[in-house]
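In my numbering, the protein residues as written are 23 to 452.
Written out as C-alpha cells, the structure reads:
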C-alpha cells in the first residue's frame, strides 16, 4: 500500500478549492438560473415561442440532470470529483457557445436544455458539493456557506453585466462570451479540484493540525481521520442505509418544494417585473437586489449550521420556508410595488438558504463515504418538478394573464414544507 503524500500548506488546500468552486459555480449557475430570466423575452420573441414553451428549455435540463444525478454521485464517490467537474464545465461551455448559432426551436432546447442544464448538474452541483464535503467536517457549514455565498454574489454581478449587455449587444454574443469564459476556467479546475480526500495528501479534514510519524502508512492516516470525525459526532451511512431513513425522505420533500417554488419563480421573475410596468434596466437592478439577498443567507446559514446541535439544524429550513410564505402572502395581499420588494427580498433570503443548509444536513447526518450517491439520488427526485415548475408558471400566465395563481400554488407548497421540515430528526444508524 502506498504512503500518503504529506503536504502542509500555509492555507489549507480545501479553502482554495472552495473559492474556485464558488466562483465557477457562480458563473455557471448565475448565467443559467438568473441570467435566463434576462434572456427569456428576447429568445421567446426571436423564436416565436409563448412563455410556457420558452420555459421548457429550463425544465429539460433539470429533468436530464435528475436522470444522471445518481450516476454523477456514484462516479464522484468512486473516482473522485475532478474529472466529473471537468466534463461538466466542458458541456456547459459548449452549450453556451452553441446558443450563439441556434436558429430553430429544437436547437434551443438542445443547447440550453440538454447541454447547459446537463453540464451544470454534471459538473457544478453534485460533484463540487462532494468535493467540499470530503475536505471539511467541523467547518463544513462555513465551507458550504462561502461556496454558496460566492454563487449568490456572482449572480448579482452577472445580472448587472448581462442586462445591459443583452440590451446593447444582443443575447447571442452574451451567450458566446460566457461560454468562452467557462472554457477558460478548465485549467484552474484541473489544479484546484482534488481527486481524493485530504487523508491521501497527509492532511486531516478542516486543516486540523497533525504531524505524521516517520513511515506512517495511508491506512494509519485514514484511522486518524476516522477518530477525528468520530470526535465531531460524524456518522458514516452507506447509501442503502441513508435512503431507508425518514429524515432522508423528509429532506427530499422539502427540496422538491424548494425546486418547484424557486425554479419557476427564478425563470419568470424578470418577465413578471416588466409585465407590471417596470423598465428592463430597473427590473435588472431589482433582480440583482433579490439575488444579493441570497448572499447573507447562504453565508450565515452555513456558519449558523456549524454551531447548531445536530438535532436543531433543520430549523434553518423552517425559517427559509416561512420567509417564502411571508413574501408570497405580502405580494398577493397588497399587489403594490412595496409588496413586490418584500416578495423579492424574502425569496432571496429563502432560496439562498435552502440549498446550502440541505447539503450541510446531508453531510452532517450521513457522513462522507456515500455523500455523492446520497445527494445525487436526492437531486434525481427533483426532475419532474424541474420540468413542471417553469412550464407551470408560464402556462398560468398564458392562460390567465398574470402569475398570481402560480404564486398561490407556491405559497401552499411552502406552507406544507414548513410542516414536513419540523418532523425531521437526525437518523440513528442501525
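Built from N, CA and C at the ideal position, the CB exists for glycine as well.
None of the values given here were measured: they were computed from a predicted structure.
Unbroken alpha helix (DSSP H) run spanning residue i, endpoints
{"i": "residue 182", "result": "162-191"}
{"i": "residue 131", "result": "From DSSP, residue 131 is part of no alpha helix (DSSP H); its letter is neither H nor E."}
{"i": "residue 335", "result": "Unbroken run through residue 335: none, as it is neither H nor E."}
{"i": "residue 73", "result": "73-101"}
{"i": "residue 415", "result": "405-422"}
{"i": "residue 449", "result": "First-last for residue 449: undefined, no H or E at that position."}
{"i": "residue 68", "result": "58-69"}
{"i": "residue 121", "result": "104-121"}
{"i": "residue 284", "result": "268-297"}
{"i": "residue 387", "result": "359-388"}
{"i": "residue 35", "result": "35-51"}
{"i": "residue 139", "result": "Unbroken run through residue 139: none, as it is neither H nor E."}
{"i": "residue 263", "result": "261-264"}
{"i": "residue 301", "result": "Premise fails: residue 301 is in no alpha helix (DSSP H) and is neither H nor E."}
{"i": "residue 154", "result": "148-157"}
{"i": "residue 211", "result": "208-214"}
{"i": "residue 394", "result": "393-402"}
Option nearest residue i by Cα separation, candidates the options
{"i": "residue 400", "options": "449, 413 and 272", "result": "272"}
{"i": "residue 169", "options": "125, 250, 227 and 51", "result": "51"}
{"i": "residue 198", "options": "211, 134 and 157", "result": "134"}
{"i": "residue 436", "options": "403, 368 and 395", "result": "368"}
{"i": "residue 223", "options": "313, 284, 34 and 360", "result": "34"}
{"i": "residue 101", "options": "132, 395 and 354", "result": "395"}
{"i": "residue 412", "options": "282, 254, 216 and 37", "result": "282"}
{"i": "residue 195", "options": "425, 118 and 216", "result": "118"}
{"i": "residue 206", "options": "45, 376 and 443", "result": "45"}
{"i": "residue 397", "options": "154, 296, 410 and 129", "result": "154"}
{"i": "residue 55", "options": "292, 149 and 268", "result": "292"}
{"i": "residue 39", "options": "151, 81 and 425", "result": "151"}
{"i": "residue 277", "options": "215, 407, 322 and 116", "result": "407"}
{"i": "residue 181", "options": "279, 305 and 440", "result": "305"}
{"i": "residue 214", "options": "42, 167, 426 and 145", "result": "42"}
{"i": "residue 309", "options": "36, 47, 57 and 37", "result": "57"}
{"i": "residue 95", "options": "294, 217, 393 and 300", "result": "393"}
{"i": "residue 453", "options": "69, 438, 289 and 48", "result": "As displayed, the chain neither begins before 23 nor continues past 452, which places residue 453 out of reach and without an answer."}
Exposure of residue i, with buried meaning 16 or more beta-carbon neighbours within 10 Å
{"i": "residue 229", "result": "buried"}
{"i": "residue 28", "result": "Any reading at residue 28 must be qualified, since the residue scores a pLDDT of 44, below 50, and its modelled position is unreliable; no value is offered."}
{"i": "residue 446", "result": "buried"}
{"i": "residue 26", "result": "Model confidence at residue 26 stands at a pLDDT of 43, short of 50, so the residue's coordinates are unreliable; what they give is reported in the following sentence. Label assigned to residue 26: buried."}
{"i": "residue 193", "result": "buried"}
{"i": "residue 24", "result": "Because residue 24 carries a pLDDT of 44, less than 50, the predicted location of this residue cannot be relied on, and the following value inherits that uncertainty. Classification for residue 24: exposed."}
{"i": "residue 32", "result": "exposed"}
{"i": "residue 287", "result": "buried"}
{"i": "residue 11", "result": "Residue coverage of the chain in this structure runs from 23 to 452, which leaves residue 11 outside it and unanswerable."}
{"i": "residue 128", "result": "exposed"}
{"i": "residue 267", "result": "buried"}
{"i": "residue 99", "result": "buried"}
{"i": "residue 328", "result": "buried"}
{"i": "residue 147", "result": "buried"}
{"i": "residue 450", "result": "exposed"}
{"i": "residue 256", "result": "buried"}
{"i": "residue 73", "result": "buried"}
{"i": "residue 200", "result": "buried"}
{"i": "residue 124", "result": "buried"}
Any non-hydrogen atom of the ligand MG within 6 Å of residue i CB
{"i": "residue 103", "result": "Here there are no bound small molecules, and the ligand MG is not part of this structure."}
- request: Kindly confirm or deny that the segment 74-92 and the segment 55-66 touch, where touching means at least three C-beta pairs closer than 8 Å.
  value: Touching, yes.
Touching by the beta-carbon criterion (3+ pairs, under 8 Å), the segment 431-451 and the segment 101-109: Segment contact: the segment 431-451 against the segment 101-109, fewer than three CB-CB distances shorter than 8 Å; contact not assigned.
message: Does the segment 87-96 come into contact with the segment 138-145, if we say contact requires no fewer than three beta-carbon pairs (one atom in each stretch) closer than 8 Å?
response: Output reads yes: the segment 138-145 touches the segment 87-96.
The segment 156-166 contacting the segment 112-129, beta-carbon criterion three pairs below 8 Å: The segment 156-166 vs the segment 112-129: no contact.
Segment contact, 8 Å Cβ cut-off, at least three pairs: the segment 358-376 with the segment 312-323: By the criterion of at least three beta-carbon pairs nearer than 8 Å, the segment 358-376 is in contact with the segment 312-323.
- prompt: Between the segment 351-358 and the segment 207-223, are three or more C-beta pairs nearer than 8 Å?
  reply: Pairwise C-beta distances place the segment 351-358 out of contact with the segment 207-223, as fewer than three of them are shorter than 8 Å.
query: Pairing CB atoms from the segment 378-385 with CB atoms from the segment 343-354, are three or more of them under 8 Å?
result: In the pairwise beta carbon analysis, the segment 378-385 is classified as not touching the segment 343-354: fewer than three pairs are separated by under 8 Å.
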